[in-house]
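Read top to bottom, the protein sequences are chains D and S. Oh and the first sequence: position 110 is 110 in this note's numbering, straight run, nothing missing. Numbers in this note's numbering are just positions in the second sequence, counted from 1, shifted up by 182. Idealized CB from N, CA, C, for every residue including glycine. First up is the structure itself, then whatever we jot down about it.
Number of protein chains: 2
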Amino acid sequence: MTPSKWSRISRETLLENPYYRIVHDRYVQPDGEVGDYQYIDIQGSAMVIPVLESGEMILVRQFRYLMQRECLEFPAGGIREGSAPIDTAKEELMEEAGFAARRWEEIGQFAPYSGASNEMCHVFLARDLEFVAPAPEGTEEMDVLQLPEARIEEKVVLGEIWDGMSIAAYHLFRVWRNTTNG
Amino acid sequence: MTPSKWSRISRETLLENPYYRIVHDRYVQPDGEVGDYQYIDIQGSAMVIPVLESGEMILVRQFRYLMQRECLEFPAGGIREGSAPIDTAKEELMEEAGFAARRWEEIGQFAPYSGASNEMCHVFLARDLEFVAPAPEGTEEMDVLQLPEARIEEKVVLGEIWDGMSIAAYHLFRVWRNTTNG
Numbered sequence: 001m002t003p004s005k006w007s008r009i010s011r012e013t014l015l016e017n018p019y020y021r022i023v024h025d026r027y028v029q030p031d032g033e034v035g036d037y038q039y040i041d042i043q044g045s046a047m048v049i050p051v052l053e054s055g056e057m058i059l060v061r062q063f064r065y066l067m068q069r070e071c072l073e074f075p076a077g078g079i080r081e082g083s084a085p086i087d088t089a090k091e092e093l094m095e096e097a098g099f100a101a102r103r104w105e106e107i108g109q110f111a112p113y114s115g116a117s118n119e120m121c122h123v124f125l126a127r128d129l130e131f132v133a134p135a136p137e138g139t140e141e142m143d144v145l146q147l148p149e150a151r152i153e154e155k156v157v158l159g160e161i162w163d164g165m166s167i168a169a170y171h172l173f174r175v176w177r178n179t180t181n182g
Numbered sequence: 183m184t185p186s187k188w189s190r191i192s193r194e195t196l197l198e199n200p201y202y203r204i205v206h207d208r209y210v211q212p213d214g215e216v217g218d219y220q221y222i223d224i225q226g227s228a229m230v231i232p233v234l235e236s237g238e239m240i241l242v243r244q245f246r247y248l249m250q251r252e253c254l255e256f257p258a259g260g261i262r263e264g265s266a267p268i269d270t271a272k273e274e275l276m277e278e279a280g281f282a283a284r285r286w287e288e289i290g291q292f293a294p295y296s297g298a299s300n301e302m303c304h305v306f307l308a309r310d311l312e313f314v315a316p317a318p319e320g321t322e323e324m325d326v327l328q329l330p331e332a333r334i335e336e337k338v339v340l341g342e343i344w345d346g347m348s349i350a351a352y353h354l355f356r357v358w359r360n361t362t363n364g
């Protein structure tokens, strides 16, 4: 039997750290030739759009080492092995922003970096929020902000919100709301 | 002199392929300790939002090996060494969709994967489009589509457009237009 196009022939792990593996796949190209692919193999992630009664949203400001500057982002994190996306969403909302929520809804998914990572990000809307605890110690670089949508969009235009995942998640929320009137 | 927080102490290249390097940085954490960071070191990318006279946008359908399914995306690609973002934008619009454009404008930037890659994606609006040539050979998996915005948003909701970079770029276009009435 000829292997079908795009199917994997072999996989090897090139390196591993606590967050992901770099793997090297050999696969069948559409033209039948063998292709090589090196990419991030990772569990997936969850991002939370926390919406207050007022309509304001909760974002966290953090310093991104790779860009050497601060960004405003929605709370998010990688899904741990054996954990469900919703559990990660709840943990990140609490750990990064200090909030719990009584209403949760998964409103969409997207692949943030589909050329070089197999990560799928699950986007959750969190409502009926309750402030539980200040963000834990050690996160001195993380501030929690509450912003109305108009200010969020302004900050996207100004380039103060430059995290692609937060922008994509926000857009998913917008189209989800238009569709559901939720 | 004490090194300032977030500053790099050392860098080593862990592996290299034609598209990017995996590097390992040691850096100064906010608490003064030495942190380790392994990430994708890459040149940056350009994504094009091609808008026709009718308001329809041009997207390409391609199979994404890492997700083992098709996605609709805006034309995009990595910036080659020594190349400017706008040149990459022009090349990708031609190579992936077969179009040239007479009006170009950079409408924003975002970092698609700021936790594990230093890539910054430059988003260009391309107008006054002209169909020049069918997509070149070897890209048999790539179809070119023209869609109105309503259909694009529908496909985001339906999960047919699941590429985070395309969703973020589309959102940048929307807020850019709202701001400029462009």
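Pair every Cβ in the stretch 62-71 of chain D with every Cβ in the stretch 80-88 of chain D, then say whether three or more of these pairs are closer than 8 Å. no
Are Leu-241 of chain S and Glu-342 of chain S closer than 8 Å when you measure CB to CB? Counting from one through the second sequence, the residue named residue 241 of chain S turns up at place 59. Counting from one through the second sequence, the residue named residue 342 of chain S turns up at place 160. Their beta carbons are not under 8 Å apart, which means Leu-241 of chain S does not touch Glu-342 of chain S by this criterion.
How about Gly-28 of chain D and Lys-5 of chain D: are their beta carbons less than 8 Å apart? Position 28 of the first sequence, counting from 1, holds the residue named residue 28 of chain D. Position 5 of the first sequence, counting from 1, holds the residue named residue 5 of chain D. The sequence shown places Val at residue 28 of chain D, not Gly. Yes, they are a contact pair.
The stretch 140-153 of chain D touching the stretch 327-337 of chain S, judged by at least three CB pairs closer than 8 Å: no
Among D:Gln-43, D:Ser-54, D:Val-144, whose alpha-carbon lies nearest the alpha-carbon of Arg-61 of chain D? Translated into positions along the first sequence, residue 61 of chain D becomes position 61. Residue D:Val-144 is the option with its Cα nearest to Arg-61 of chain D.
Along the chain, where does the beta strand (DSSP E) containing Phe-110 of chain D start, and where does it finish? Residue 110 of chain D sits at position 110 when you count from the first residue of the first sequence. Counting along the chain, the beta strand (DSSP E) containing Phe-110 of chain D begins and ends at 99-110.
Buried or exposed for Asp-218 of chain S, going by 16 or more other Cβ atoms inside 10 Å? Taking the first residue of the second sequence as position 1, residue 218 of chain S is located at position 36. So Asp-218 of chain S counts as exposed.
Quick one: what does DSSP say Phe-256 of chain S is sitting in, helix, strand or coil? Position 74 of the second sequence holds residue 256 of chain S. Of the three classes helix, strand and coil, the one that applies to Phe-256 of chain S here is coil, per DSSP.
Classify Gly-55 of chain D: buried if its beta carbon has 16 or more other beta carbons within 10 angstroms, exposed otherwise. As a first step, residue 55 of chain D must be located in the first sequence, where it is residue number 55. The residue in question, Gly-55 of chain D, is exposed, as its Cβ has fewer than 16 Cβ neighbours within 10 Å.
Member of D:Leu-15, D:Glu-119, D:Phe-110, D:Met-47 whose CA lies at the smallest distance from the CA of Pro-75 of chain D: In the first sequence, residue 75 of chain D corresponds to position 75, counting from 1. Pro-75 of chain D has its Cα closest to that of D:Met-47, out of D:Leu-15, D:Glu-119, D:Phe-110, D:Met-47.
Inter-residue Cα distance where the pair is Pro-50 of chain D and Val-216 of chain S: Within the first sequence, numbered from 1, the residue matching residue 50 of chain D stands at position 50. Within the second sequence, numbered from 1, the residue matching residue 216 of chain S stands at position 34. The straight-line gap from Cα to Cα measures roughly 33 Å.
Roughly how many whole angstroms lie between the Cα atoms of Trp-286 of chain S and Val-314 of chain S? Within the second sequence, the letter at position 104 stands for residue 286 of chain S. Within the second sequence, the letter at position 132 stands for residue 314 of chain S. Distance between the alpha carbons of Trp-286 of chain S and Val-314 of chain S: 17 Å.
Members of the stretch 54-66 of chain D that neighbour chain S once the beta carbon cut-off is set at 7 Å: Phe-63, Arg-64, Tyr-65, Leu-66
Can you tell me where the beta strand (DSSP E) with Gly-217 of chain S in it begins and where it stops? Along the second sequence, read from residue 1 onward, the residue named residue 217 of chain S stands at position 35. It spans 216-223 - the beta strand (DSSP E) in which Gly-217 of chain S sits, taken as one unbroken run.
Interface flag, Leu-14 of chain D vs chain S, CB-CB below 8 Å: Here residue 14 of chain D refers to the residue found at position 14 of the first sequence. Chain S contact via Cβ: present.
Excluding the 5 residues preceding and the 5 following Gly-77 of chain D in the sequence, name in chain order all residues of the same chain whose CB lies nearer than 8 Å to its CB. Residue mapping note: residue 77 of chain D aligns to position 77 of the first sequence, counting from 1. Hits under 8 Å: Ser-45, Ala-46, Thr-88, Glu-91, Glu-92, Glu-95, Glu-96.
Determine the extent of the beta strand (DSSP E) in which Pro-181 of chain S is found, giving its start and end residues. What is shown of chain S runs 183 to 364, which leaves residue 181 of chain S out entirely.
Leu-354 of chain S and Val-156 of chain D - do their beta-carbons sit closer together than 8 Å? Locating residue 156 of chain D in the first sequence gives position 156, where the first residue counts as 1. Locating residue 354 of chain S in the second sequence gives position 172, where the first residue counts as 1. It is a contact, given that the beta carbons lie within the stated cut-off.
Could one say the Cβ of Glu-153 of chain D lies closer than 8 Å to chain S's Cβ atoms, at least one of them? Here the question's residue 153 of chain D lines up with position 153 in the first sequence. For Glu-153 of chain D, the answer is yes, since a Cβ of chain S falls inside 8 Å of its Cβ.
Can you tell me the Cα-Cα spacing of Arg-309 of chain S and Pro-134 of chain D, whole angstroms? On the second sequence, residue 309 of chain S is found 127 positions in, with the first residue counted as 1. On the first sequence, residue 134 of chain D is found 134 positions in, with the first residue counted as 1. Going by the C-alpha atoms only, they are around 48 Å apart.
If we call anything under 8 Å between Cβ atoms a contact, is Gly-346 of chain S one with Phe-63 of chain D? If you number the second sequence from 1, residue 346 of chain S lands on position 164. If you number the first sequence from 1, residue 63 of chain D lands on position 63. It is not a contact, given that the beta carbons lie outside the stated cut-off.
Hey, is Asp-36 of chain D close to the ligand MG, as in C-beta under 7 Å from one of its heavy atoms? In the structure shown, the ligand MG is absent, as is every other ligand, since no ligand is present at all.
Identified DSSP bridge partners for Tyr-27 of chain D: The sequence position of residue 27 of chain D within the first sequence is 27, counting from 1. Answer is D:Arg-8, D:Gly-35, bridged to Tyr-27 of chain D.
Just mark Asn-178 of chain D as buried or exposed, buried being the case when its beta carbon has 16 or more other beta carbons within 10 Å. Walking along the first sequence from the start, residue 178 of chain D turns up at place 178. Result: exposed.
Contacting residues, own chain, Cβ-Cβ under 6 Å from Asp-31 of chain D (five flanking each side not counted): The sequence position of residue 31 of chain D within the first sequence is 31, counting from 1. Closer than 6 Å at Cβ, skipping near neighbours: no residue.
Please confirm if Leu-172 of chain D has its CB atom under 8 Å from at least one CB of chain S. Walking along the first sequence from the start, residue 172 of chain D turns up at place 172. By this cut-off, Leu-172 of chain D is an interface position.
Please state the DSSP three-state secondary structure of Thr-321 of chain S. In the second sequence, counting from the first residue as 1, residue 321 of chain S sits at position 139. Caution applies to Thr-321 of chain S, whose pLDDT of 42 falls short of 50 and renders its modelled position unreliable; the model cannot decide the point.
Can you confirm whether Ala-89 of chain D, when its beta carbon is compared against all beta carbons of chain S, has any partner nearer than 8 Å? Taking the first sequence and counting its residues from 1, one reaches residue 89 of chain D at position 89. Cβ-Cβ to chain S under 8 Å: no for Ala-89 of chain D.
Would you kindly report the start and end of the unbroken alpha helix (DSSP H) that includes Ser-166 of chain D? Position 166 of the first sequence, counting from 1, holds the residue named residue 166 of chain D. It spans 164-180 - the alpha helix (DSSP H) in which Ser-166 of chain D sits, taken as one unbroken run.
Could you give the DSSP three-state label for Glu-301 of chain S: helix, strand or coil? Taking the second sequence and counting its residues from 1, the one referred to as residue 301 of chain S is at position 119. Of the three classes helix, strand and coil, the one that applies to Glu-301 of chain S here is coil, per DSSP.
What's the gap between the Cα of Thr-321 of chain S and the Cα of Asn-17 of chain D? Here residue 321 of chain S refers to the residue found at position 139 of the second sequence. Here residue 17 of chain D refers to the residue found at position 17 of the first sequence. Since pLDDT at Thr-321 of chain S reaches only 42, below the 50 mark, its modelled position is unreliable, and the value read off the structure follows with that caveat. Answer to the nearest angstrom: the Cα atoms are 35 Å apart.
For Ala-293 of chain S, go through chain D and note every residue whose CB falls closer than 7 Å to its CB, in chain order. The sequence position of residue 293 of chain S within the second sequence is 111, counting from 1. Those are Met-67, Trp-162, Asp-163, Gly-164, listed as they occur along chain D.
Does the beta-carbon distance from Ile-191 of chain S to Gln-225 of chain S come in below 8 Å? As a working note, residue 191 of chain S is residue 9 in the second sequence. As a working note, residue 225 of chain S is residue 43 in the second sequence. For Ile-191 of chain S and Gln-225 of chain S, no; Cβs fall outside 8 Å.
Per DSSP, what kind of secondary structure is Glu-312 of chain S in: helix, strand or coil? For the purposes of this step, residue 312 of chain S is taken as residue 130 along the second sequence, with counting starting at 1. Note: Glu-312 of chain S maps to strand in three-state DSSP.
Backbone secondary structure at Met-276 of chain S - three-state DSSP: Numbered from its first residue, the second sequence carries residue 276 of chain S at position 94. Met-276 of chain S: helix per DSSP, three-state reduction.
On a CA-only basis, which of S:Glu-263, S:Ser-189, S:Gln-220 is nearest Thr-195 of chain S? Give me that one, please. Stepping through the second sequence from its first residue, residue 195 of chain S is reached at position 13. Nearest C-alpha to Thr-195 of chain S: S:Gln-220.
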